[in-house]
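Since the structure comes first, as structure tokens, the remarks are kept for the end.
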Ligand SMILES: Nc1ncnc2c1ncn2[C@@H]1O[C@H](COP(=O)(O)OP(=O)(O)O)[C@@H](O)[C@H]1O
Ligand SMILES: [Mg+2]
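Printed below as a string of structure tokens:
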């Protein structure tokens with residue numbers, strides 16, 4: 122059986138507000154899927170729900186990895202089971218060097234039974250691997266000695282996420298707008314890198330607004346999310362169309378989801394106003 | 264060593280008995296008597312005193328403790344944290360205010376370095392010690408200072424002659440047993456162009472105890488001193504200390520404190536820059552838990568032109584613990600071209616812990632650069648989640664974030680064994696995070 126990340130009728134609420142309203146998605150290892158959709162449609166929410174963010178409450182539905190219930194697992198157990206997400210907005214960890222952080226992370230993910238305090242990967246072996254991965258990604262070796270995302274530019278953070286992806290070698294990865302904040306050349310490099318390291322090894326869900334990141338990772342399936350639902354799925358040509366023409370056709374074709382989107386956006390505006398006043 | 268059991272708290276009778284057992288020169292006994300009289304005239308501090316506003320002593324009862332009497336015949340030597348992998352020049356150990364050991368390798372004795380108990384030194388090296396003793400200690404500051412000056416016992420002197428550069432550290436250990444009192448007085452004298460590294464640490468078991476301590480660091484012209492004091496008492500110890508350094512012309516002091524232990528600690532840490540181009544760097548690492556209460560008053564006193572002081576304290580607080588820091592940079596009218604910096608950052612690991620940071624400047628010269636800052640923040644849940652998505656357990660994530668928080672102050676601590684000991688001690692203490 123090929124390995125599968127399977128999402129069934131997933132409903133997710135944040136602070137009591139329903140964001141995802143029945144998402145279905147099946148991603149097999151070796152496949153690349155694109156997930157597109159306007160801002161606020163729930164793409165990142167899906168990523169957080171897959172990774173087990175405690176504020177994203179799954180009110181119904183299932184997420185399974187090869188039939189195993191992911192929802193019963195803690196975030197670190199999901200990571201050790203082979204899940205990864207490159208964050209849209211990565212967090213910085215002042216005072217913690219990228220190399221030290223990654224050594225810890227990689228030790229845990231490769232040895233899922235590892236208990237706190239047990240040996241980490243041998244330093245030399247780890248360093249060698251890190252150095253070669255950084256070379257492959259054309260990253261300055263200095264990167265490893267910097268504190269995780271601390272003082273990084275937006276582009277550097279995204280590249281650091283790709284480095285983590287390369288080192289952790291998950292079975293399934295969600296890449297949440299890994300192209301935003303990168304210039305054209307950097308996106309091309311990122312696209313290439315993802316293809317090289319992810320290639321046909323991983324199942325990748327690429328969340329993006331553009332088609333550039335997909336250049337070297339042509340999606341087997343493109344999904345469009347609107348108002349907390351996947352309203353259409355198609356091939357690579359769907360991604361190209363959305364990139365070119367935007368979401369007007371989608372909204373017109375799916376009035377119920379468009380209304381849900383409008384409702385969420387309205388609530389958001391009201392909340393913002395309340396915050397201001 | 265002669266000793267007489269002194270019973271019944273800190274009373275005139277027990278003090279008289281204590282003096283009878285000391286067998287000290289008259290000048291020293293006179294000093295003690297004067298300090299005792301002063302102590303008797305002072306009340307214990309109360310929350311009505313500005314310095315003690317946040318630190319309540321109502322549950323502290325001085326007379327539940329007693330003056331040092333007979334020595335515990337053979338206390339077990341505690342595990343020192345700061346000496347792992349370190350080649351020492353010498354070491355001292357005192358237990359319950361009794362000096363038990365002072366040794367210094369021949370190499371340094373040959374060069375005129377003196378390392379001995381202060382108790383012995385006031386008898387055997389009075390000419391050397393007497394002119395310096397109390398130069399950096401205000402015996403009238405408060406009741407605890409006066410009591411310390413009257414009753415000190417189990418002290419240590421390090422004297423490094425001019426031009427002697429010690430490249431191996433000295434370790435000074437004070438330990439407390441159940442119900443014990445530590446009245447340690449540390450006197451470090453570096454003559455011109457001397458150099459030394461002193462690793463001081465305290466250690467105690469789970470029992471109640473009392474520390475009434477004093478530290479004097481006299482850093483002569485062009486001298487270099489790295490001084491570490493790690494306060495690692497058990498959590499039932501009351502800790503009251505007055506600590507001061509005088510840093511002379513072109514001298515450099517790096518003073519690192521670690522505050523891990525005690526039930527309640529009130530420390531006055533004072534650095535006076537007394538000669539031009541003197542520099543002092545002060546590093547503080549604190550980790551508190553349970554109901555610990557730690558109160559540090561720091562004072563950076565610039566007395567002459569062209570001096571530099573740079574203080575960085577970082578504390579992490581767990582459970583119901585509380586840390587108070589009040590910092591003062593004081594610049595005298597003559598002290599032009601002063602550069603002064605102070606910063607206190609706290610990381611709060613529970614909803615019930617609390618940190619108060621009160622920086623202060625008192626500047627009487629006009630051509631100076633003085634800056635201060637203070638932060639207190641909780642561990643960011645989003646950051647913890649981020650770490651967890653990389654396979655770290657919640658606990659590992661918190662440890663990672665806390666280690667990162669301290670890194671900036673660890674980067675300044677140039678002694679590896681100290682960084683490691685502090686890092687490990689903190690790592691051990693961090694518990695499941697809620
Ligand atoms: N942590 C959060 N707290 C409050 N609202 C949130 C949170 N995360 C997402 N939302 C809301 O959920 C909706 C979908 O957001 P998101 O998943 O970030 O969309 P996308 O990634 O598609 O732009 C938005 O209305 C957003 O405001
Ligand atoms: Mg998003």
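Residue numbers (this note's numbering), protein chains in the order written: chain A, 122 to 398; chain B, 264 to 697. Glycine included, each C-beta is placed from N, C-alpha and C at the ideal position.
Contact test: residue i Cβ vs ligand 2 heavy atom, cutoff 8 angstroms
i: residue 297 of chain A; result: yes
i: residue 160 of chain A; result: yes
i: residue 328 of chain A; result: yes
i: residue 274 of chain A; result: no
i: residue 138 of chain A; result: no
i: residue 164 of chain A; result: yes
beta-carbon residue i near ligand 1 non-hydrogen atom, thresh 8 angstroms
i: residue 378 of chain A; result: no
i: residue 176 of chain A; result: yes
i: residue 169 of chain A; result: yes
i: residue 207 of chain A; result: no
i: residue 301 of chain A; result: no
i: residue 549 of chain B; result: no
i: residue 217 of chain A; result: no
i: residue 435 of chain B; result: no
i: residue 346 of chain A; result: yes
Buried versus exposed, by CB contacts within 10 Å (16 or more), residue i
i: residue 460 of chain B; result: buried
i: residue 326 of chain B; result: exposed
i: residue 551 of chain B; result: buried
i: residue 265 of chain B; result: Confidence at residue 265 of chain B is low in this model, with a pLDDT of 38, below 50, so its placement is unreliable and no value can be given for it.
i: residue 246 of chain A; result: exposed
i: residue 638 of chain B; result: exposed
i: residue 72 of chain A; result: Residue 72 of chain A falls outside the range modelled here, since chain A spans only 122 to 398, and no answer is possible.
i: residue 290 of chain B; result: exposed
i: residue 292 of chain A; result: buried
i: residue 479 of chain B; result: buried
i: residue 235 of chain A; result: buried
i: residue 577 of chain B; result: buried
i: residue 598 of chain B; result: buried
i: residue 634 of chain B; result: exposed
i: residue 549 of chain B; result: buried
i: residue 270 of chain A; result: buried
i: residue 229 of chain A; result: buried
i: residue 524 of chain B; result: buried
Residue i - DSSP class collapsed to helix/strand/coil
i: residue 266 of chain B; result: Because residue 266 of chain B sits at a pLDDT of 42, beneath the cut-off of 50, its placement in the model cannot be relied upon, and the following sentence gives the value as read from the coordinates. Here residue 266 of chain B sits in coil by DSSP.
i: residue 352 of chain B; result: coil
i: residue 122 of chain A; result: Confidence in residue 122 of chain A is poor, its pLDDT being 46 and thus under 50, which makes the residue's placement too unreliable to answer from.
i: residue 283 of chain A; result: helix
i: residue 372 of chain A; result: helix
i: residue 342 of chain B; result: coil
i: residue 622 of chain B; result: coil
i: residue 316 of chain B; result: coil
i: residue 599 of chain B; result: coil
i: residue 299 of chain B; result: helix
i: residue 432 of chain B; result: coil
i: residue 649 of chain B; result: helix
i: residue 318 of chain A; result: helix
i: residue 290 of chain B; result: helix
Span of the beta strand (DSSP E) around residue i
i: residue 130 of chain A; result: 125-135
i: residue 559 of chain B; result: 556-565
i: residue 547 of chain B; result: 542-551
i: residue 577 of chain B; result: 571-580
i: residue 166 of chain A; result: No beta strand (DSSP E) holds residue 166 of chain A; the alpha helix (DSSP H) holding it covers 164-172.
Opening and closing residue of the alpha helix (DSSP H) in which residue i lies
i: residue 245 of chain A; result: 244-257
i: residue 667 of chain B; result: 657-675
i: residue 485 of chain B; result: It is not in any alpha helix (DSSP H) - residue 485 of chain B carries neither H nor E in the DSSP assignment.
i: residue 678 of chain B; result: Note, residue 678 of chain B: premise wrong, no alpha helix (DSSP H); not H, not E.
i: residue 383 of chain B; result: 381-387
i: residue 370 of chain B; result: 369-373
i: residue 284 of chain B; result: 275-285
So if I threshold CB-CB distances at 7 angstroms, which residues from the stretch 634-649 of chain B count as touching chain A? 645, 646, 648, 649
Any residues in the stretch 650-661 of chain B with a beta carbon nearer than 9 angstroms to a beta carbon of chain A? Which ones, in chain order? 650, 651, 652, 653, 654, 655, 656, 657, 658, 659, 660
If the cut-off is 9 angstroms on Cβ atoms, which residues from the stretch 666-688 of chain B count as contacting chain A, listed in chain order? 666, 667, 668, 669, 670, 671, 673, 674
Check each residue of the stretch 415-447 of chain B: if its Cβ is closer than 8 angstroms to any Cβ of chain A, include it; give the result in chain order. none
For the stretch 225-238 of chain A, list every residue whose C-beta sits within 7 angstroms of some C-beta in chain B, in sequence order. 225, 226, 229, 230, 237
Where the stretch 295-323 of chain A meets chain B: residues whose CB sits under 7 angstroms from a CB there: Answer in chain order: no residues at all.
Residues in the stretch 546-561 of chain B with C-beta within 9 angstroms of chain A's C-beta atoms, listed in sequence order? Those residues of the stretch 546-561 of chain B that come within reach of chain A (Cβ to Cβ, closer than 9 angstroms) do not exist; the list is empty.
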